[in-house]
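Enquirer: Structure incoming, see below.
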Amino acid sequence: MRRQVRNAGSESEYGAGHEHRPRSRPGPAGGAVARSAGRPMTANAVRTLQLTAGNAAAVAAVGRAVPVQRAPAPPRSDDEMSVDETPVDEKPMDAESRLRRAHQRAKDRLGEGEAPLAPGEYQTPFGPYTVTQGRGGVPWIRSNARQHPGSETIGEKYEQVVPQLDADQFGILTNALRSGEVSSENLDRLDATQRRAAAMLYAIAASEENRFPGAGKALRSALDRQSDPYHEAPEFLEDFPMGKASKAGGGARYYQDVLSGKKQLTAEARATLEAMSSSSDENASSSSDSEEETAGKRPGPA
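Counted from 1, the sequence shown has number 154 at position 154 by full-length UniProt numbering; the numbering is strictly sequential.
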């Protein structure tokens with residue numbers, strides 16, 4: 001049926017009760033609209049007309065604006081939402097917010113006051129390492145040639161261990177930190193010394209969680225940055241200041257001091273935290289949860 005053209009004349013005639021110029025498409029409600037014209041309507045009649053023909057028809061029928069409620073629409077799934085109704089993506093979290101959330105989730109996962117790794121030998125996907133008791137009872141990560149035959153002595157500090165890996169090998173390490181495993185194919189890409197270095201960094205990530213819950217995630221992000229061939233090994237401690245000595249502005253309390261406002265993040269440390277994987281970025285997926293759980297897991301005993 002061809003649509004009726006509405007004008008001022010037809011509107012006035014419709015208000016007087018002419019059925020031959022219906023305001024809306026003819027249907028079950030059409031007769032009700034016409035019959036109601038020019039006669040008082042009860043509240044129930046207005047409500048019935050509004051439900052069947054809409055607000056405009058009800059208002060026209062009584063000749064004045066009547067405050068009526070529109071019938072509630074049935075619930076719609078997210079797939080049925082229009083583009084305008086689609087929720088806007090959340091603003092990306094800043095570095096401090098990411099650090100605070102990682103810290104809280106790690107505390108919830110690990111439990112307050114969990115004892116540090118006891119002295120002994122432990123196993124990682126890259127091979128074994130040894131824990132000894134350091135100053136203040138803090139675990140100290142070591143390794144030896146017996147555990148990694150054919151390897152060279154590499155030292156025990158970040159600035160000694162990190163340079164042992166090539167840029168394309170850091171992805172193997174960080175993937176293992178996320179999943180807890182490494183394929184034999186990837187393992188074959190590392191020589192004995194590099195496996196030893198990877199085992200130590202894997203162990204240190206668990207140890208740093210004891211010093212500051214959530215630090216393991218920041219460490220992973222710093223190691224990820226090392227996979228850029230133009231990102232040099234000496235930059236690692238700028239990306240992960242907690243690895244520095246306290247007198248050099250780092251230490252175990254570095255991130256705690258940042259959260260309390262005692263310290264400000266450097267540009268490098270901020271970029272590292274902003275590059276951390278976020279469960280909100282991944283829509284709180286199970287893979288993100290699994291990744292965070294793996295970050296807090298201790299390497300098993302050898």
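Ideal Cβ placement from N, Cα and C applies to all residues, glycine included.
1. Which partner residues does arginine 142 have in the DSSP bridge list?
2. Is the distance from the Cβ of phenylalanine 236 to the Cβ of alanine 222 below 8 angstroms?
3. So, at 6 angstroms on beta carbons, what are the nonlocal neighbours of arginine 189 in its own chain, with the 5 sequence-adjacent residues on each side left out?
4. Run the CB neighbour count on glutamine 169, radius 10 Å, all protein chains shown included, and call it buried at 16 or more, exposed below.
5. Give me the DSSP bridge partner(s) of glycine 150.
6. Relative to the alpha-carbon of arginine 142, which residue among Gln104, Ala199, Ala106 has its alpha-carbon at the smallest distance?
7. So for glutamine 123, helix, strand or coil by DSSP?
8. Helix, strand or coil for arginine 232 per DSSP?
9. Rounded to whole angstroms, what is the Cα-Cα separation between asparagine 175 and alanine 218?
10. Only counting the same chain, and skipping five residues up and downstream in sequence, which positions put a Cβ closer than 7 angstroms to that of alanine 192?
11. In the DSSP assignment, find the alpha helix (DSSP H) that holds residue 317 and state where it starts and stops.
12. Could you tell me the boundaries of the alpha helix (DSSP H) in which glutamate 96 lies?
13. Roughly how many angstroms lie between the CA atoms of glutamine 133 and serine 207, to the nearest whole one?
14. Whole angstroms is fine: what's the gap from alanine 203's alpha carbon to threonine 124's?
15. Please go through the same chain and pick out, in chain order, the residues whose beta-carbon is closer than 8 angstroms to the beta-carbon of residue 304, but skip the five residues on each side of it.
16. In angstroms with no decimal places, state the Cα-to-Cα distance between residue 309 and alanine 248.
17. With burial defined as no fewer than 16 other Cβ atoms inside 10 Å of the residue's Cβ, what is the status of valine 138: buried or exposed?
18. Is it buried or exposed for threonine 266, if we count other Cβ within 10 angstroms and need 16 for buried?
19. Suppose the cutoff is 6 angstroms on Cβ atoms and the five residues either side in sequence are ignored; what does the same chain contact list for alanine 102 look like?
20. Could you pull out every residue in the same chain whose Cβ sits closer than 6 angstroms to the Cβ of arginine 211, ignoring the five residues on either side in sequence?
21. Taking the straight line between their C-alpha atoms, what separation do you get for serine 97 and asparagine 186?
22. Rounded to whole angstroms, what is the Cα-Cα separation between arginine 109 and leucine 259?
Expert: The short version:
1. Thr130
2. yes
3. none
4. buried
5. According to DSSP, glycine 150 bridges with nothing at all.
6. Ala199
7. strand
8. Residue identity check: residue 232 is glutamate in the sequence provided, not arginine. DSSP places glutamate 232 in coil when its eight states are reduced to three.
9. 14 angstroms
10. His148, Pro149, Gly150, Ser151
11. Residue 317 is absent from the model: the chain starts at 1 and stops at 302.
12. 95 to 110
13. 12 angstroms
14. 7 angstroms
15. Residue numbering for the chain in the displayed model covers 1 to 302; residue 304 lies beyond these limits and cannot be assessed.
16. Lying before the first or after the last residue shown, residue 309 is absent from the chain, which here runs from 1 to 302.
17. exposed
18. exposed
19. Gly214, Lys217
20. Ala252
21. 34 angstroms
22. 19 angstroms
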